[in-house]
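Enquirer: Chains as they are written, first to last, in the UniProt record's numbering: chain A, 1 to 500; chain B, 1 to 685.
The C-beta atom is built at its ideal place from N, Cα and C for all residues, glycine as well.
Because the structure is a prediction, the values reported are computed rather than measured.
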């Protein structure tokens with residue numbers, strides 16, 4: 001999960017702190033030491049995580065873009081100056097822009113706000129920001145929370161637990177966390193006078209933030225221990241009538257198979273690599289460390305058969321995807337995925353919770369195998385909706401003049417080819433007439449009969465006699481007001497020519 | 001975040017059907033095809049739509065878009081008002097269709113003719129009848145609201161919208177209309193609170209479109225949304241009648257949170273000249289979240305693709321058609337959002353062209369240009385089951401950058417997975433849609449029945465070729481493996497299975513070696529007896545794991561009766577051979593010691609020094625599993641003492657053994673893989 005470290009560099013961060021060993025330092029320095037400890041922890045345990053550094057005061061500045069090279073961040077931390085006052089709202093806007101620009105609105109991110117408990121003064125203070133949150137309708141930029149992407153906010157305060165500032169600002173931080181919609185945390189050191197206290201606090205935060213997902217991928221009696229990277233997060237589904245939070249189960253169970261073209265790229269809320277985990281993995285080795293070649297036992301693990309690898313191979317060969325349940329009434333697909341470098345992987349996409357989330361697959365709980373049910377009960381993919389959409393119905397829309405004009409032209413084209421096109425002529429005429437009656441467009445019917453009469457007069461000499469007769473007949477019928485009934489259908493005039 | 005209980009769940013159109021709406025909008029329709037003809041004829045009287053026609057067709061167009069994009073859950077009702085309210089449909093989902101509305105409109109017909117000036121009493125033509133009926137209608141719960149109340153016992157917030165197309169004289173009468181609406185709303189809520197079949201209205205959004213022919217100036221002013229009460233928000237749009245469709249188009253985007261995309265650069269054959277093609281644009285509507293990812297990214301990029309079309313009030317995002325290469329449907333795209341679309345101009349030739357292209361099963365990628373140069377594939381248009389969707393593709397960087405290949409992880413070095421066999425299992429559990437409802441009486445949903453099948457199919461399922469023998473002996477045991485995993489077996493199937501067992505018994509008694517398919521080096525070096533033993537043991541394990549019915553038990557029983565298993569008969573130790581002894585050793589000795597023991601007991605004095613390791617084969621472990629229980633009471637010495645001289649000296653040259661005319665050279669090659677070939681060759685020579 002990409003992480004933004006948001007470091008407060010306002011003037012208040014340069015307040016001196018008397019350490020218990022007698023030396024003097026600043027809050028900023030303590031913060032920097034803490035961040036370094038945080039990064040050190042990651043470089044051991046979660047070295048594939050992307051981290052970015054942003055500094056803020058009343059403005060914000062991106063100091064390091066997202067990187068896996070934590071030393072870049074560390075060296076950048078050495079060149080951080082002091083600026084003016086704290087404006088958390090501005091900084092959160094910056095974070096939002098930065099994450100959206102890099103990861104889009106679909107990647108879950110974490111934000112570590114490192115500050116000192118003072119939330120700024122004046123109109124851009126956090127207190128003011130939160131107080132005016134509902135009054136941003138006209139012209140004012142909306143409050144950046146909740147973020148347009150899933151984000152967890154962790155607030156780290158380099159301040160003493162009993163400082164009056166902290167007591168005031170803690171509820172404000174909590175409000176920010178609540179606004180994100182995800183469970184964040186607030187960290188305040190027990191003892192500001194100890195540097196070690198702060199570094200352990202941040203190490204522990206790193207440990208908590210990057211707990212990975214360990215579970216079991218099961219298919220009948222076959223199973224494999226797995227890791228998911230990145231770890232999936234709970235999802236809150238809001239519909240017109242419901243609001244429910246779904247949690248991922250640690251049992252990912254294969255329920256059947258569907259060919260990849262039939263699955264048809266549905267909307268997914270997240271994608272995860274499935275990494276087979278060895279059964280004997282030590283507890284302390286961090287699961288996010290997916291670079292398994294570092295592991296001493298890797299060679300042994302690599303030659304122990306794993307169901308994941310079998311599943312991957314078969315799915316790839318058959319071009320199939322496995323339908324899996326990832327929670328209660330919550331589904332996903334497992335399939336073989338190759339990035340551009342031809343490295344093939346087992347990938348899982350997680351769908352929106354619920355069993356009716358892909359219209360063309362129908363209710364996922366109603367999927368069965370072809371031989372289990374009688375032929376008339378089994379359908380095929382894709383499932384067609386009971387009603388056709390307007391664009392496949394050949395409906396009448398005359399909002400733009402061109403729509404009406406082309407409908408009339410079509411009738412006239414048929415009219416010129418009478419009697420060959422008698423059926424088509426009356427079919428189109430009835431379609432137009434029916435629509436005109438529904439829309440109360442009577443003038444069109446009289447107008448059309450005029451047009452027919454003009455056509456009659458302009459018929460070339462070699463025209464079939466039926467032409468004139470049918471046009472007159474149609475014009476007559478259109479004029480008669482008792483024919484303005486929608487159930488009435490105009491029928492061709494029976495002529496000697498047609499009957500012969 | 002999406003708000004629950006949105007107003008767009010319930011919309012009522014109130015259409016003014018009073019005599020005034022029967023007048024022409026005075027905007028004649030041009031008929032190009034009548035021009036240029038011989039001018040001698042009397043020109044045709046110009047055709048204009050009436051105010052009524054314009055309001056009906058605009059309202060119907062509004063519904064067309066809503067129901068194309070939201071086939072369920074977004075309900076619209078139609079009320080027409082003259083001396084009474086004409087109710088064209090109910091909230092019932094069966095009446096939520098264009099054809100139902102069109103038929104209803106045909107039945108009420110055109111607005112009545114104006115009454116004679118001295119009619120007494122003058123007929124009470126007003127839109128208020130419709131508005132009153134609309135408020136009553138909005139208190140009726142929809143099926144969704146009823147379900148929500150019933151199932152969850154949840155509180156339903158009854159938000160709704162009324163769109164009224166009418167014509168007022170001036171601002172004062174418009175204000176009065178709004179006030180009357182509020183009064184009726186309050187009255188109706190009082191009634192609804194006392195009636196358990198009705199839902200009081202929590203909030204109503206009244207959108208009034210005041211319209212008039214183009215040759216008239218209205219003295220009614222627009223006003224933006226105004227909170228008349230906590231219950232009611234009203235807004236007024238005063239527009240010339242031909243503008244109603246445009247106005248409703250921009251309102252619908254707001255009401256349903258939609259956005260517009262213009263697909264540009266669609267290559268299309270010219271109607272007149274089929275050999276040339278020109279590029280066209282098609283505008284589509286869809287949920288606004290389709291654009292979230294591209295509009296929230298780089299502000300410069302998003303500014304470049306957003307434009308307001310001439311004569312329209314809303315923005316459209318222009319994305320470029322990207323001629324499909326190959327089949328795009330054959331892989332799973334990383335799709336972060338997916339929404340139905342509908343063309344804005346449904347009957348235009350470019351729209352039809354795009355729609356037919358998609359409905360025929362092809363899909364189109366849409367590209368977004370970037371300011372920094374280059375472009376990015378941001379969306380996919382595709383039809384699924386006759387419905388067209390826009391898929392938003394992930395354009396951002398992926399956290400899964402540079403992932404390790406599956407072959408680098410656990411189990412990655414194993415090369416003999418039973419992939420074709422798993423392919424068969426996949427085919428047996430490939431899912432298809434089953435018509436719901438017809439499964440009444442059956443406890444399990446179809447997908448749960450598939451789970452049962454998966455459980456059955458995998459009761460005994462070795463992952464690799466080297467860990468199984470029976471599944472490599474398909475030519476001998478098919479179709480038994482396929483039958484035994486079935487839920488039920490017929491008498492005939494039991495017979496088939498038994499026959500297979502009998503055949504195997506016969507083969508064994510004929511001393512026929514089994515020829516496993518697709519087996520690597522390891523299995524080849526097995527002796528015949530050992531091979532049979534491994535086969536019987538594995539077959540027994542397989543059958544024992546699949547006792548799904550009485551008939552299954554019959555087959556297992558049959559196997560137990562036909563073949564004497566070591567775990568029952570070997571207690572006497574009569575049939576113990578060298579390999580079993582070795583197996584015993586394996587269990588007792590450490591790996592390093594084992595090697596030396598084996599070498600010490602089996603190698604001739606001239607053998608080369610021992611190899612570092614010996615790979616134990618599966619069959620050994622397998623037979624070990626079954627034999628230990630029987631042999632455990634004997635000491636190793638006893639086993640060795642009972643073993644015939646076989647291993648201790650060179651085997652007799654087979655040619656001298658007599659009965660067989662055909663003699664196999666290098667018979668020992670068939671034994672365990674003990675090391676390099678020279679080793680055994682030396683022994684034989």
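Using a Cβ-Cβ distance under 8 angstroms, would residue 474/B count as near chain A?
Expert: Stepping through the second chain from its first residue, residue 474/B is reached at position 474. Closer than 8 angstroms: no.
Enquirer: Quick check for students: name the residue ranges of the alpha helix (DSSP H) that lie wholly in the stretch 461-485 of chain A, counting only runs of 4 or more.
Expert: As far as the stretch 461-485 of chain A is concerned, its whole alpha helix (DSSP H) runs of at least 4 residues are 465-479.
Enquirer: Take every Cβ of the stretch 378-385 of chain B, pair it with every Cβ of the stretch 374-386 of chain A, and state whether three or more of those distances are shorter than 8 angstroms.
Expert: Yes, the stretch 378-385 of chain B touches the stretch 374-386 of chain A.
Enquirer: Tell whether a beta-carbon distance below 8 angstroms holds between residue 517/A and residue 166/A.
Expert: Since the first and last residues shown for chain A are 1 and 500, residue 517/A lies out of range.
Enquirer: Quick check: what's the CA-CA separation for residue 479/B versus residue 497/B?
Expert: The sequence position of residue 479/B within the second chain is 479, counting from 1. The sequence position of residue 497/B within the second chain is 497, counting from 1. Looking at the two C-alpha atoms, the distance is approximately 8 angstroms.
Enquirer: Just to confirm the assignment, what range does the alpha helix (DSSP H) spanning residue 201/A have?
Expert: Working through the first chain from its first residue, we reach residue 201/A at position 201. Note, residue 201/A: alpha helix (DSSP H), 195-209.
Enquirer: Assuming residue 423/B is part of the alpha helix (DSSP H), what are its boundary residues?
Expert: In the second chain, the residue the question calls residue 423/B occupies position 423. Run containing residue 423/B: 419-428, per the alpha helix (DSSP H) assignment.
Enquirer: Where does residue 19/A fall in DSSP's three states?
Expert: Residue numbering aside, residue 19/A sits at position 19 when the first chain is read from its first letter. DSSP places residue 19/A in coil when its eight states are reduced to three.
Enquirer: CB residue 157/B to CB residue 197/B, shorter than 8 angstroms?
Expert: The residue you call residue 157/B lines up with position 157 of the second chain. The residue you call residue 197/B lines up with position 197 of the second chain. Going by C-beta atoms, residue 157/B is not nearer than 8 angstroms to residue 197/B.
Enquirer: Out of 54/A, 129/A and 13/A, state which residue places its alpha-carbon closest to the alpha-carbon of residue 85/A.
Expert: To locate residue 85/A, count along the first chain from 1; it is residue 85. For residue 85/A, the nearest C-alpha among the options comes from 13/A.
Enquirer: Taking CB distances under 8 angstroms as the criterion, tell me whether residue 59/B reaches chain A.
Expert: Reading the second chain from its first residue, position 59 is the one you call residue 59/B. No - not a single Cβ of chain A is within 8 angstroms of the one on residue 59/B.
Enquirer: Given a cut-off of 8 angstroms, decide if residue 67/B and residue 110/B are closer than it, judged by their beta-carbon atoms.
Expert: As a position in the second chain, residue 110/B is number 110, starting the count at 1. As a position in the second chain, residue 67/B is number 67, starting the count at 1. Not closer than 8 angstroms, so no.
Enquirer: Check whether the stretch 468-486 of chain B and the stretch 499-512 of chain B are in contact - that is, three or more C-beta pairs closer than 8 angstroms.
Expert: The stretch 468-486 of chain B, when compared against the stretch 499-512 of chain B, does touch it at the 8 angstroms Cβ threshold.
Enquirer: Would you check if the distance between the CB atom of residue 47/B and the CB atom of residue 443/A is smaller than 8 angstroms?
Expert: Along the second chain, one-based indexing puts residue 47/B at 47. Along the first chain, one-based indexing puts residue 443/A at 443. Cβ distance < 8 angstroms, so residue 47/B and residue 443/A count as in contact.
Enquirer: Going by Cα to Cα distance, which pick from 404/B, 340/B, 371/B and 264/B is closest to residue 322/B?
Expert: Working through the second chain from its first residue, we reach residue 322/B at position 322. The candidate whose alpha carbon is nearest that of residue 322/B is 264/B.
Enquirer: Would residue 14/B pass as an interface residue toward chain A - the criterion being a Cβ-Cβ separation below 8 angstroms?
Expert: Walking along the second chain from the start, residue 14/B turns up at place 14. No, residue 14/B does not count as interfacial toward chain A.
Enquirer: Who does residue 286/B pair with in a DSSP beta bridge?
Expert: For the purposes of this step, residue 286/B is taken as the residue at position 286 of the second chain. Residue 286/B pairs with 259/B.
Enquirer: Tell me the DSSP bridge mates of residue 306/B?
Expert: On the second chain, position 306 is the one that residue 306/B refers to. Bridge partners of residue 306/B: 317/B.
Enquirer: Roughly how many angstroms separate the alpha carbons of residue 202/A and residue 114/A, rounded to a whole number?
Expert: Here the question's residue 202/A lines up with position 202 in the first chain. Here the question's residue 114/A lines up with position 114 in the first chain. Using only the alpha carbons, I get a separation of about 10 angstroms.
Enquirer: What separation, rounded to the nearest whole angstrom, lies between the Cα atoms of residue 485/A and residue 437/A?
Expert: Walking along the first chain from the start, residue 485/A turns up at place 485. Walking along the first chain from the start, residue 437/A turns up at place 437. For residue 485/A and residue 437/A, the distance between alpha carbons rounds to 8 angstroms.
Enquirer: With DSSP run on the structure shown, which of helix, strand or coil describes residue 187/A?
Expert: Your numbering for residue 187/A matches position 187 in the first chain. The answer is strand: DSSP assigns residue 187/A an E or B state.
Enquirer: With 16 other CB atoms within 10 Å as the buried threshold, where does residue 226/B fall?
Expert: For the purposes of this step, residue 226/B is taken as the residue at position 226 of the second chain. It counts as exposed.
Enquirer: Can a CB atom of chain A be found closer than 8 angstroms to the CB of residue 403/B?
Expert: Here residue 403/B is taken as the residue at index 403 of the second chain, counted from 1. Yes - at least one Cβ of chain A is within 8 angstroms of the one on residue 403/B.
Enquirer: Within the 8 angstroms Cβ cut-off, does residue 387/A reach chain B?
Expert: Reading the first chain from its first residue, position 387 is the one you call residue 387/A. Interface residue, yes.
Enquirer: Buried or exposed for residue 457/A, please, with buried defined as at least 16 other CB atoms from any protein chain shown within 10 angstroms of its CB.
Expert: Position 457 of the first chain holds residue 457/A. Exposed, because fewer than 16 other Cβ atoms sit within 10 Å of the Cβ of residue 457/A.
Enquirer: Using three-state DSSP, classify residue 268/A as helix, strand or coil.
Expert: Numbered from its first residue, the first chain carries residue 268/A at position 268. Note: residue 268/A maps to strand in three-state DSSP.
Enquirer: Is residue 145/B buried or exposed, if buried means 16 or more other CB atoms sit within 10 Å of its CB?
Expert: Counted from its first residue, the second chain places residue 145/B at position 145. The residue is buried, with at least 16 neighbouring Cβ atoms inside 10 Å.
Enquirer: Check residue 370/A in the structure and name its three-state DSSP category.
Expert: Taking the first residue of the first chain as position 1, residue 370/A is located at position 370. Residue 370/A: helix per DSSP, three-state reduction.
Enquirer: Going by beta carbon distance, what residues of the same chain come within less than 8 angstroms of residue 80/A, once the five residues before and after it are set aside?
Expert: Taking the first chain and counting its residues from 1, one reaches residue 80/A at position 80. Correct list, in chain order: 7, 9, 28, 32, 55 and 63.
Enquirer: Pull out every residue of the stretch 448-465 of chain A whose Cβ sits closer than 8 angstroms to any Cβ of chain B, in chain order.
Expert: Those residues of the stretch 448-465 of chain A that come within reach of chain B (Cβ to Cβ, closer than 8 angstroms) are 450, 451, 454, 457 and 458.
Enquirer: Quick check: what's the CA-CA separation for residue 335/B versus residue 180/B?
Expert: Counting from 1 along the second chain, the entry for residue 335/B is found at position 335. Counting from 1 along the second chain, the entry for residue 180/B is found at position 180. Taking the straight line from one Cα to the other gives about 49 angstroms.
Enquirer: Let me check one thing: in DSSP terms, what residues is residue 66/A bridge-paired to?
Expert: Residue mapping note: residue 66/A aligns to position 66 of the first chain, counting from 1. Note: residue 66/A sits in no beta bridge, so no partner.
Enquirer: Excluding sequence positions up to five away, which residues of its chain have a Cβ less than 6 angstroms from the Cβ of residue 250/A?
Expert: Taking the first residue of the first chain as position 1, residue 250/A is located at position 250. 215.
Enquirer: Using the Cα positions of residue 136/A and residue 441/A, report the straight-line distance between them to the nearest angstrom.
Expert: Within the first chain, residue 136/A is the residue found at index 136, counting from 1. Within the first chain, residue 441/A is the residue found at index 441, counting from 1. Taking the straight line joining both Cα atoms gives about 46 angstroms.
Enquirer: Determine the extent of the alpha helix (DSSP H) in which residue 336/B is found, giving its start and end residues.
Expert: Position 336 of the second chain, counted from the start, is the residue given in the question as residue 336/B. Run containing residue 336/B: none in the alpha helix (DSSP H); it sits in the beta strand (DSSP E), 335-340.
Enquirer: With distances taken from CA atoms, which of 93/B, 101/B, 71/B and 340/B is nearest residue 80/B?
Expert: Your numbering for residue 80/B matches position 80 in the second chain. It is 101/B whose Cα lies nearest to the Cα of residue 80/B.
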